[in-house]
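Q:
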Amino acid sequence: MEGGMVENGADCPAKINRRGVCFVISAPSGAGKSTIANALRASDTRLRHSVSVTTRHPRPGEKEGVHYYFRSMEQFENMAAAGEMLEWATVFGRGYGTPRAPVEQTLAAGHDMVFDIDWQGHQQIRQRCRAMW
Numbered sequence: 554m555e556g557g558m559v560e561n562g563a564d565c566p567a568k569i570n571r572r573g574v575c576f577v578i579s580a581p582s583g584a585g586k587s588t589i590a591n592a593l594r595a596s597d598t599r600l601r602h603s604v605s606v607t608t609r610h611p612r613p614g615e616k617e618g619v620h621y622y623f624r625s626m627e628q629f630e631n632m633a634a635a636g637e638m639l640e641w642a643t644v645f646g647r648g649y650g651t652p653r654a655p656v657e658q659t660l661a662a663g664h665d666m667v668f669d670i671d672w673q674g675h676q677q678i679r680q681r682c683r684a685m686w
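According to this note's numbering, the sequence shown holds residues 554 to 686 in order.
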């Protein structure tokens, strides 16, 4: 071993796999979480965005799977009951949450993720991530 590199028997160093890290920006609605998260991702294109599920209707220009996954309240509640959400909450009568599968896939691939969520979601992610990883 030379310079902290492990040789794999060939002339190139072995690749060390790493799991991604969750960066959580948590604040009340309207505090600027999305603005900060967008600035972080713009400064480091390796950071991945966590696309949330919401029960509200799309605003002009918002696209399914890019800005949010738009679902009915019934679909949202079924996803939460089935364990498909990493975190979720009802805020101002609308459901918001983070689907579990895309997060697990992204982190397992070694990519870091930025979350912009409210305080309830932050508490749930902390609790669930400790139990999962």
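Glycine included, C-beta positions come from ideal geometry on N, C-alpha and C.
Quick check: what's the CA-CA separation for Ile-670 versus Val-577?
A: Those two C-alpha atoms are separated by around 7 Å.
Q: So, is Phe-668 buried or exposed, given that buried needs 16 or more other C-beta atoms within 10 angstroms?
A: buried
Q: Indicate whether the contact test is met: 3 or more Cβ pairs, each with one atom in the stretch 613-624 and one in the stretch 635-644, closer than 8 Å.
A: Per the Cβ contact rule, the stretch 613-624 is not in contact with the stretch 635-644 (fewer than 3 Cβ pairs under 8 Å).
Q: Round the Cβ separation of Ala-580 and Lys-586 to the nearest angstrom and send it over; I've been treating them as touching at under 8 Å.
A: At roughly 5 Å, the Cβ-Cβ gap stays under 8 Å, so Ala-580 and Lys-586 are in contact.
Q: Have a look at the DSSP bridge pairing and note the partners of Phe-623.
A: The partner list for Phe-623 (beta bridge, DSSP) reads Thr-607.
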